[in-house]
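Below is one structure, written out as C-alpha cells; comments come after it.
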Amino acid sequence: MITASFALLAVFVVLLIIGTPIAVALGFAGVVGIYFGLDVYALATVGTNTYNGIAKYPLIAIPLFILTGMIFERSGVAKSLVDFASAIVGPRRGGLAVVAVLVCMMMGGMSGSGPADAAAVAMVMIPSMMRSGYPREFSASVIAAGASTAILIPPSVALIVYSLIVPGTDLRALFAGGIIPGILAGGAIIVPALLLSRRHNFGIAEVGKRLPIWPTFVRAVPALLAPVIILGGLRTGLFTPTEAAVVTVTYGLLIGLFVYRSMRLRDLYQLFVDSAVTSGVIMLIMTLAGIFAWAGATLGTFDMAAKALLGLSENEHVVLALIMVFLLLAGMVLDGISIYLITLPLLMPVMSAFNWSPVWFGVVMAMNIAIGQFTPPVAVNLMVTSRIAGIPLERTIPWTLYLVFSMAIAMTLVIVFPQLVTWLPEMLGYRV
Numbered sequence: 003m004i005t006a007s008f009a010l011l012a013v014f015v016v017l018l019i020i021g022t023p024i025a026v027a028l029g030f031a032g033v034v035g036i037y038f039g040l041d042v043y044a045l046a047t048v049g050t051n052t053y054n055g056i057a058k059y060p061l062i063a064i065p066l067f068i069l070t071g072m073i074f075e076r077s078g079v080a081k082s083l084v085d086f087a088s089a090i091v092g093p094r095r096g097g098l099a100v101v102a103v104l105v106c107m108m109m110g111g112m113s114g115s116g117p118a119d120a121a122a123v124a125m126v127m128i129p130s131m132m133r134s135g136y137p138r139e140f141s142a143s144v145i146a147a148g149a150s151t152a153i154l155i156p157p158s159v160a161l162i163v164y165s166l167i168v169p170g171t172d173l174r175a176l177f178a179g180g181i182i183p184g185i186l187a188g189g190a191i192i193v194p195a196l197l198l199s200r201r202h203n204f205g206i207a208e209v210g211k212r213l214p215i216w217p218t219f220v221r222a223v224p225a226l227l228a229p230v231i232i233l234g235g236l237r238t239g240l241f242t243p244t245e246a247a248v249v250t251v252t253y254g255l256l257i258g259l260f261v262y263r264s265m266r267l268r269d270l271y272q273l274f275v276d277s278a279v280t281s282g283v284i285m286l287i288m289t290l291a292g293i294f295a296w297a298g299a300t301l302g303t304f305d306m307a308a309k310a311l312l313g314l315s316e317n318e319h320v321v322l323a324l325i326m327v328f329l330l331l332a333g334m335v336l337d338g339i340s341i342y343l344i345t346l347p348l349l350m351p352v353m354s355a356f357n358w359s360p361v362w363f364g365v366v367m368a369m370n371i372a373i374g375q376f377t378p379p380v381a382v383n384l385m386v387t388s389r390i391a392g393i394p395l396e397r398t399i400p401w402t403l404y405l406v407f408s409m410a411i412a413m414t415l416v417i418v419f420p421q422l423v424t425w426l427p428e429m430l431g432y433r434v
C-alpha cells in the first residue's frame, strides 16, 4: 500500500510539473494508484468513480452560476456599478482605485468567479484609470486583487465545491460566513491602493463634478438586487442554492435583455457556448478527481499524509501555519477548485483531529486561495487584467506585493478571531 500511495502522489506531482492538464493528472494518477495498490480487476471501478464524481445534484449550481457571471459581465451591469461607486467616492486622488475594488466586490456577489469578475471590471475601469493618470501595472494589480474577493462573497463557486467535498457542511453557512471576511479582504485592498495612489500622485487627473448619487443608484438597482435575491431566497428558504442559481440566471437574462438592453437574443448562443466551455473544464476536473479521491481513500494515502502532517507538531497553530503556507504556494500555480479537490481529502482528517469548524476552515482556505489568485507566477486574476491592460504580468509584481501583504494581515485576523466567520451564520441559525 505504501508503494501504491507513493506511486499515486508521485505520478500526480510529475504530471503537474511537466504541464499535464490538472484533470488528466488527477485521473491518471488515480488509475496508477489503483493498479499498483489493488489489482487489474479493480480498474473496473474507474467508470463508476468517474460517474460518481459528477452525479451530484448540487453541482448543477456551478454551471448556472458561471452562466450568471457571464450574463452580468456582458449585460452592462459593470458600467452601472462603476457609475454608482464613482458617485459615492467622488473625484479625488485614489478615488478610481477605490471604485475599482468596490465594483469588484459588488460583481463578486453576482458571478462567484474571480477571473470573470476581473475581466468585467477591467474592461470598464482600466481605460478610465489610464486617462486619470494611473499606470497600467497598478490598475491591473488593484483590479486583480479586488476580484479575488469573489471567492469569498457569495455565491462562490469554490465554496460550493467545498460543501460537496466536506460531508455535512451547510452551504448557506459557508455563504454567510464568507461575507464579513470578504468585506474585510476588500478593505485590506482599498487601504494600500489608496495610500499608494496618494503617495505616487496617481489619479491626479481625476477632475470633474461628482456624479449625482440618486440617478446612478436607480440605474444600479437591478444589478444590486441580484445578491439580495440570492441571499434573501436562501435565508427565507424560498429556494435551495441550486434553485437560487436558476433564479439568478433568469433574472440576469431579464436585466440584460429588457432593462439595460445591452444584449440581444442573437448574443445568447455565444454566451451559452462560452459558459458551457468554462463549465465543462471545471466539471471534467471534478469528474476525474473522483478517481483520485477514491484511490487515495481506499489505499489509505490521505490518512498517512494527515498522520505525517500531525507528526510534525502537536500544536494546532503550527500545523495550521504549515497548511496556510502550503495552500498559498499552491494558490500561486493552481486554481481554487483544483486546490480544494486535491488537498481537502488530505486535510479533512487534520480538521477532525483539531476539531476545527468546517465552515471557518473553508472560509480561511478560500481567503488563502484568494491571495494566490493575484500572486505570480500564475495568478489567474492577474493574467486576465494584465492581458486587458496590454502589459507583461511580471511588471505588476512591485504593486501586487503590497496588496498580498495587506490581504495576508486580513487573513491572519480571520484565523485569530474565528468569530469573524462564525458569528453571522450562527446568528442566522445555521450549523457551523
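Residue numbers (this note's numbering): 3 to 434.
Backbone N, C-alpha and C define an ideal beta-carbon position, used for all residues, glycine too.
Here the structure is a predicted model, which means the values were calculated and not measured.
In this chain, the alpha helix (DSSP H) harbouring residue 85 covers 79-91. Between the C-alpha atoms of residue 399 and residue 198 there is a straight-line separation of about 14 Å. Only residues of its own chain outside the window of five on either side were considered, and among them 154, 365, 369, 416, 422, 423 have a CB closer than 7 Å to the CB of residue 183, listed in chain order.
Residue environment analysis places residue 75 among the buried positions, since at least 16 neighbouring C-beta atoms fall within 10 angstroms of its C-beta.
For residue 319, the enclosing alpha helix (DSSP H) starts and ends at 318-333.
In the three-state reduction of the DSSP assignment, residue 272 falls in the helix class, which pools H, G and I. The beta carbon of residue 104 lies closer than 7 Å to those of 87 in the same chain, with the five residues before and after it left out.
Scanning its chain for C-beta atoms nearer than 6 Å, with the 5 sequence neighbours on each side dropped, one finds around residue 254 the residues 70, 73, 74, in chain order. At the C-beta level, residue 143 and residue 405 come within 8 Å of one another. Residue environment: residue 383 is assigned as buried (16 or more neighbouring CB atoms within 10 Å of its CB, all protein chains considered). By the neighbour-count criterion, in which a residue is buried when 16 or more other Cβ atoms sit within 10 angstroms of its Cβ, residue 357 is exposed. Assignment of residue 277 by DSSP, reduced to helix, strand and coil, places it in the helix class. Taking the CA atoms as reference points, residue 23 sits about 27 Å from residue 169. Counting along the chain, residue 341 sits inside the alpha helix (DSSP H) bounded by residues 338-356. Here residue 373 has 150, 330, 333, 406, 409, 410, 413 as same chain residues with Cβ atoms under 8 Å from its own Cβ, once five neighbours each way along the sequence are excluded.
One thing to note: residue 432 has its Cβ within 8 Å of the Cβ of residue 175. DSSP, read as helix, strand or coil, puts residue 115 in coil. The beta-carbon distance between residue 158 and residue 180, rounded to whole angstroms, is 6 Å. This is short enough to meet the 8 Å contact definition. In terms of CA proximity to residue 139, 204 leads the group 242, 204, 187.
For residue 307, the CB contacts under 6 Å within the same chain, skipping 5 residues up- and downstream, are 348 in chain order. Residue 19 is classed as exposed because its beta carbon has fewer than 16 other beta carbons within 10 Å across all chains shown.
The beta carbons of residue 109 and residue 100 sit no closer together than 8 Å. Within a 10 Å sphere around the beta-carbon of residue 401 sit 16 or more other beta-carbons, which makes this residue buried. Under the three-state reduction of DSSP, residue 434 is assigned to coil, being neither helix nor strand.
For the 8 Å CB-CB criterion, residue 64 and residue 284 form a contact.
Residue 222 places its beta carbon 8 Å or farther from that of residue 98. Here the segment 271-290 does not lie against the segment 320-327, with fewer than 3 beta-carbon pairs under 8 Å apart. When DSSP states are grouped into helix, strand and coil, residue 393 belongs to the coil group. Between residue 147 and residue 215, the CB-CB gap reaches or exceeds 8 Å. For residue 111, the closest of 228, 35, 244 by C-alpha to C-alpha distance is 228. For residue 222, the enclosing alpha helix (DSSP H) stretches over residues 215-238. A direct Cα-Cα distance of roughly 55 Å separates residue 53 from residue 202.
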